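The UniProt record's numbering numbers the first residue of the sequence shown as 1 and each following residue consecutively.
A virtual CB, placed ideally from N, CA and C, is assigned to each residue, including glycine.
Given the structure is predicted, the values throughout are model-derived calculations rather than measurements.
I have placed the structure first, in the form of structure tokens, so that the comments after it can refer back to it.
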Amino acid sequence: MKCIICKENKSYTNFSKEHIFPDSIGGNITLDCVCKICNDLLGSSVDSKLTNHEFVQLIRLALKIPGKSGKIPNPLGEAYIAGTQEKIRYVFDNFGNPK
Ligand SMILES: [Zn+2]
1 MKCIICKENK SYTNFSKEHI FPDSIGGNIT LDCVCKICND LLGSSVDSKL
51 TNHEFVQLIR LALKIPGKSG KIPNPLGEAY IAGTQEKIRY VFDNFGNPK
């Protein structure tokens, strides 16, 4: 079986399910033609940066999409009022509802 990323032929046991969109943002479409090494590399270099980006976290909060840990991210946990040094904090429960 040939990996579509590294183009190397490997045995079937060296492959794992690659989520086209990371499962932590609700992706459920998978491919079986990416080897584990490439899948891990994609996970650490692409998926983690995408899922941890503040804009994506804001959308995950709005749509209440939990990550693998089951937590809904809160990118508004610490913010500043524009033009001031005054901090504000938005707090949400485990289901993404404002407290
Ligand atoms: Zn590969």
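Selection around ligand 1 by beta-carbon proximity, strictly under 7 Å to any non-hydrogen atom, yields Cys3, Ile5, Cys6, Glu8, Val34, Cys35, Ile37 and Cys38 in chain order. Excluding five sequence positions before and after Lys10, the CB atoms of its chain that fall closer than 7 Å to its own CB belong to Met1, Cys3 and Cys35, given in chain order. The three-state secondary structure of Phe55, taken from DSSP, is helix. Listed as beta-bridge partners of Ser16 by DSSP are Val34. Straight through space, the alpha carbons of Ile25 and Val56 are spaced by roughly 8 Å. Short of 8 Å from the beta carbon of Leu50, and not among the five residues preceding or following it, lie these beta carbons of its own chain, in chain order: Pro22, Ile25 and Val56. Put simply, of Glu18, Gly96, Cys6 and Lys7 the residue whose alpha carbon is nearest the alpha carbon of Gly67 is Gly96.
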